[in-house]
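Asks: Heads up: the sequence shown is residues 89 to 804, going by my numbering.
Idealized CB from N, CA, C, for every residue including glycine.
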Amino acid sequence: MSVTLLRPRRTSLLSSGELDRARVLDTLVNNLDGMAYRCLLDARWRMIFVSQGCLALTGYSPAELVQDAAISWEDITQSQDRARVRAHIEAAVRSGQRFAVEYRITTKSGQTQWVLERGVAVADERGETVIEGFMSDVSSQREMLEALRQAELRYRSIFEHASEGIFQTTPDGSYLAANPALARIYGYASPETLIAGLDDIGRRLYVKSGQRERFRQLMALHGEVLNFESEIYRADGSRLWISENAHAVRDAHGQLLYYEGTVQDISERKSYQEQLERQANHDMLTGLPNRILLADRIGQGIARAARLGYFLAVVFIDLDNFKFINDSLGHGAGDELLKEVASRLRQCVRHSDTVARLGGDEFVLLLTDHYRVQSIIQQLRRVLAEIARPLKLAGREFQIGASLGVALCPQDGADAATLLRHADIAMYAAKSRGRNNFQFFTAELNRVAAERLDLEAALRRTIEQDGLDVHYQAKMDHRRRIVGVEALVRWQHPDLGAISPDRFIPIAEESGLIMPLTVAVLRRALAAAHEWNQRRSTPLHLAVNLSPRLFQSGDLVGQLAALISESQLPPGLLEFEITESVFIGDSERAVRLLGQLKDLGVLLALDDFGTGYSSLSYLRNLPLDIIKIDRSLVTGLEHEEDLAMIARAVISLGQSLRKTVVAEGVENQAQFDFLRYQGCHEFQGYLLSRPLPQDGFTALLEQGAPATPSSFQPLG
Ligand code: C2E
Ligand code: MG
Ligand code: MG
C-alpha cells in the first residue's frame, strides 16, 4: 500500500445501492482525531501506512514515516518506554489478542507526547504478520489524571499528617473515615480499628448522654457545629475533653449524606481552666473552698433550706491556741496544723456540707439539710471532739481546742453576709466562755444546747447505775380482763424530777444510749412478766417498745435473743412495739430484721398506727400480729364524727387483715364503748389503768379488774 492511496479521492456521487467502501473508509480514517497505521513487526516498527492524522499527532507528515523513511516508529518512541511497549505488543501478538498500551513519543518539534496505541496483529495480503491499529493523543487525559493524583496526594497528606482529628460519620453514628490523629486522640491503634470499634458514637463516645443528639440538632439547625466541646471516653475508658468543628454534607437533592469535621484535644486547656478556677475559689494551703466560693455555697444553701424547709447552719470556727503554736513552733508547724484541722473537719461533714477556710485559723462549716437543732448540736460535738484529738507537730504531741459560733438560717439571717456576721459574734461568745465549746447566735438555742448536754450526761450516769425505772400499763379485753401489759420506761432526774420519755428517748437515740436503755428496760420487764405469769392461770403478754434507731446499726437481733433466752418468759408471750418510722431509710434492712425477730417466736405490734404514713402495703406484707391505734385517733372520737369514722375504718382494716387491734389512750367510757362496739380487741388507757410501778401492777393483777357497767353488749 502506498501513501498516495490514502489521499482523499474525488469521486462522483454513487449510484443508488452501491457503496464505495474504500472511499468511506478513507474519509473516516483521515478525519479521525488520531492516526491509523499498519506497521511491520520488526525491530524498528517500520510503518507501511499511516493516515493523515500523523501530522497532528507527531508533527511528521505521513511521507516522512512510511516505508524506508529515515525515521522509524521505534525512533519516535521514547527510549524509556521502548522495551515495555515491545514486550506488551509481542505478548499480545503471541496470544492472538488485541492490545492497548500508553507511552511517550517525541514529536518532530522535540516535544513529549503521550499516545494510546490500540492494535491487533493481522496477516497482510501476502500472508505476513503485520500490525494494524490506531493511535490517539492522550496527553490531556494524562495531564488531568496526573493533576488529580497530585491533588489527591496533597489532600491525603493533609488528612494523614494533620494534628487535628478528621472524621466523616454517618447520621446514625458510625465512622466512614478517620485519620491517624483521630485514632491517636481517641486511643485507637489505627484509623481502621477506630472505625471498626467505635460503632455507636452516641453511647460509646460521649460521656454525657444526649450529647450526640445535641450535635445532630445543631447540625439540623445550622448545617454546622462550631467549637462543640464534650467529654469523651477513649478506647481504654479514660476520659478526655475535645472540641469539634463539623458540617453536614448533602447530595445534589439536599439529602444528608454524612457529617465531616475535625476534632481537637482540649484536655490541657480544660484542666488549665479548672486549675485557674480552683485557684480563684480555693485556699491554696488546705485546698478548701475560700471566702468567694463559700459565699456562693451559702447562697445555694439558703435557697435549698427554704425549698426543703430545713435549717442551714453557718458555723464559724476559730482555733483556740493556734497563735501559740504558730509563734513558738514556726509557720511550718502552723501550716501542718491547719492542714490537719482541714482534713479532720472534712471527715466530720456530709457530702452536701461545705468546709471553707477564710484565712489564718478561721474556718467555716456549712451544714445543710438538718431539720432539727438537736442533730446540728450532735454534729458540732463531733467536730469539737475531732479537733480536740491529740496531734503530733515537730515531734511533740499537742491538743488544741476550737470555739464555734453558729448562725441558723432562716432565723438568724437570710443572706450570706448576715449569717457570717452572726456566726462570728456567736464565735466570740464561745471564746469568752473558754475553749472547746460552741455557741448559737440565739440565746434560747444556747439554753437548749446546754440543757441537752446536761441531760445526756445525767441519762448516761443513770443507765450506768441501772437507775431507770419501768412502769407497767395494763391492756384489757372487752370484758376488762387484763390480757397484757406494756412496759414504759421512767426516769426520775435527781434535780428535775420525773422526765417524760418523749423528752429523753430522743436524747438516748442520738447519743448512742438507746441500746443500753432498751436492754435495761427489757431485762427488768422480762423478769417481772415471768413472775406475774407464774401466779396466773391465763397468760399475760408483755409489750416492750423498740426505737426505730435500734434497727439502723449494731446487732439488735442477737442482743434481744440473748436477753430472751436468759429470761424464763416464753417468747410467745413477748410483743415488740415498733413504729412506722422503722421503714424510713434502709427499709429493706428493717424488714429483714423484723423477719429475724419473728423467727425468735415473739409477736410484733405496729405502735401509733394512724399517725405515720400508714401504708397499706406495710400492713399486708409485714409479719405484724398487732396494730395499736394511736391515742390521737381515740381522744375525742366520741365528739368528732371524723375521728370516729377513721377509728372505725382502721379497726375494720385490722380485722380484715386478721390482726389483733388494740386501742391506746382510752380515757373514758364513751370511747371504750364505741371501740368495743366496733370490734376492737384490746384496750389500754387511763380509764382502765394508768402506768403503774411493778408493785402497783402486781396489786392490780391480784385485785382483778372491776366489772364495767356498759351501754353496749360486748361482742363475741
Ligand atoms: P407509746 O409506746 O405509744 O406508749 C403509750 C404512751 O401513752 C405512754 O406514754 C403512756 O403513758 C401514754 N398513755 C397511756 N394511756 C394513756 C391515756 O389514756 N391518756 C394519755 N394521755 N396517755 C396515755 P409514756 O409512758 O410517756 O411514753 C411515751 C412514749 O415513749 C411511748 O409511746 C413510747 O413510744 C416511748 N417509750 C416509753 N418507754 C419506752 C421504752 O422502754 N423504750 C422505747 N424505745 N420507747 C419507750
Ligand atoms: Mg408503745
Ligand atoms: Mg403508742
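Between residue 668 and ligand 2, is the CB less than 7 Å from at least one heavy atom?
Replies: The answer is no for residue 668.
Asks: Short of 6 Å in beta carbon distance, which residues of its chain neighbour residue 322, apart from the five on each side in sequence? Order them along the chain.
Replies: Excluding residues within five positions, the ones whose Cβ falls inside 6 Å are 274, 275 and 328.
Asks: Which class does residue 686 belong to by DSSP, given the choice of helix, strand or coil?
Replies: If DSSP states are grouped into helix, strand and coil, residue 686 belongs with the helices.
Asks: Is residue 695 near ligand 2 - that is, is its Cβ less than 7 Å away from at least one heavy atom of it?
Replies: Yes; taking the cut-off as 7 Å, the Cβ of residue 695 has a heavy atom of ligand 2 nearer than that.
Asks: Rounded to whole angstroms, what is the Cα-Cα separation between residue 378 and residue 303?
Replies: Using only the alpha carbons, I get a separation of about 37 Å.
Asks: Let me check understanding here. Comparing Cα to Cα, which of 643, 412, 390 and 229 lies closest to residue 448?
Replies: It is 412 whose Cα lies nearest to the Cα of residue 448.
Asks: Report yes if the C-beta of residue 597 is less than 7 Å from at least one heavy atom of ligand 2; otherwise report no.
Replies: Not so, every heavy atom of ligand 2 lies at least 7 Å from the Cβ.
Asks: Any idea what DSSP makes of residue 811, helix, strand or coil?
Replies: The structure shown has nothing for residue 811, since the chain only spans 89 to 804.
Asks: Given a threshold of 16 other Cβ atoms within 10 Å of its Cβ, counted over all protein chains shown, does residue 571 qualify as buried or as exposed?
Replies: The residue is buried, with at least 16 neighbouring Cβ atoms inside 10 Å.
Asks: Counting only runs that start and end within the region 562-597, where is the beta strand (DSSP E) found for 3 or more residues in a row?
Replies: Taking only runs of at least 3 residues, the beta strand (DSSP E) segments lying wholly in the region 562-597 are 570-581 and 585-587.
Asks: Could you tell me whether any non-hydrogen atom of ligand 2 is closer than 7 Å to the CB of residue 633?
Replies: Result yes, Cβ under 7 Å from ligand 2.
Asks: Determine the contact status of residue 668 and residue 633, defining contact as a CB-CB distance below 8 Å.
Replies: Not in contact: residue 668 and residue 633 (Cβ atoms no closer than 8 Å).
Asks: Can you check which of these residues, 493, 761, 544 and 430, is closest to residue 372 by C-alpha distance?
Replies: Closest option to residue 372, Cα to Cα, is 430.
Asks: Nearest CA to the CA of residue 179: which residue from 277, 129 and 465?
Replies: Among 277, 129 and 465, the Cα nearest to that of residue 179 is on 129.
Asks: Could you give the DSSP three-state label for residue 222: helix, strand or coil?
Replies: Residue 222 falls in the strand class under three-state DSSP.
Asks: When you measure from the CB of residue 491 to every non-hydrogen atom of ligand 1, does any distance come out below 7 Å?
Replies: No - ligand 1 has no heavy atom lying nearer than 7 Å to the Cβ of residue 491.
Asks: Would you say residue 521 and residue 475 are within 8 Å of each other, going by their C-beta atoms?
Replies: No, Cβ-Cβ distance for residue 521 and residue 475 is not below 8 Å.
Asks: Nearest-angstrom Cα distance between residue 594 and residue 698?
Replies: Cα to Cα, the separation comes out at about 21 Å.
Asks: Using a threshold of 7 Å, is the CB atom of residue 580 nearer than that to any non-hydrogen atom of ligand 1?
Replies: No, ligand 1 has no heavy atom inside 7 Å of this Cβ.
Asks: Are three or more beta carbon pairs between the region 375-390 and the region 482-490 nearer than 8 Å?
Replies: They do not touch, by the three-pair rule.
Asks: Return the bridge partner residues of residue 126 from the DSSP annotation.
Replies: Its beta-bridge partners are 137 and 220.
Asks: Could you work out which residue in 336, 358 and 177 is closest to residue 348 when comparing CA atoms only?
Replies: Of 336, 358 and 177, the residue nearest in Cα terms is 336.
Asks: Figure out for me which residue from 299, 789 and 214 has the closest Cα to the Cα of residue 561.
Replies: Ranking the options by Cα distance to residue 561, first place goes to 789.
Asks: Which class does residue 142 belong to by DSSP, given the choice of helix, strand or coil?
Replies: Three-state DSSP puts residue 142 in a helix.
Asks: Given residue 370, which residues of its chain have a CB within under 8 Å of its CB, disregarding the five upstream and five downstream residues?
Replies: Excluding residues within five positions, the ones whose Cβ falls inside 8 Å are 376, 377, 378 and 381.
Asks: Under a three-way DSSP split, which group does residue 377 fall into?
Replies: Correct three-state label for residue 377: strand.
Asks: Threshold first: 4 residues or longer. Then list the alpha helix (DSSP H) segments lying entirely within the region 481-524, N to C.
Replies: Whole alpha helix (DSSP H) segments, 4+ residues: 504-520.
Asks: Taking residue 298 as part of the alpha helix (DSSP H), name the residues at either end of that continuous run.
Replies: From DSSP, residue 298 is part of no alpha helix (DSSP H); its letter is neither H nor E.
Asks: How big is the Cα-Cα spacing for residue 751 and residue 516?
Replies: Approximately 53 Å between the Cα atoms of the pair.
Asks: Measure the alpha-carbon distance for residue 676 versus residue 707 and round it to whole angstroms.
Replies: In a straight line, the C-alpha of residue 676 is about 15 Å away from that of residue 707.
Asks: Would you kindly work out how many angstroms separate the C-alpha atoms of residue 209 and residue 135, rounded to a whole number?
Replies: Answer to the nearest angstrom: the Cα atoms are 14 Å apart.
Asks: Check the C-beta distance from residue 540 over to residue 465 and give it rounded, since I have them as a contact under 8 Å.
Replies: At roughly 6 Å, the Cβ-Cβ gap stays under 8 Å, so residue 540 and residue 465 are in contact.
Asks: Taking contact to mean at least 3 C-beta pairs separated by less than 8 Å, is the region 120-129 in contact with the region 216-232?
Replies: Touching, per the Cβ criterion.
Asks: In whole angstroms, what is the alpha-carbon distance linking residue 556 and residue 575?
Replies: Each residue's Cα considered, the two are about 12 Å apart.
Asks: Give me the Cβ distance between residue 772 and residue 739, rounded to the nearest whole Å; I'm assuming they're in contact under 8 Å.
Replies: So it is not a contact: roughly 15 Å between Cβ atoms.
Asks: Nearest-angstrom Cα distance between residue 629 and residue 462?
Replies: If I take the Cα positions, the gap works out to 36 Å.
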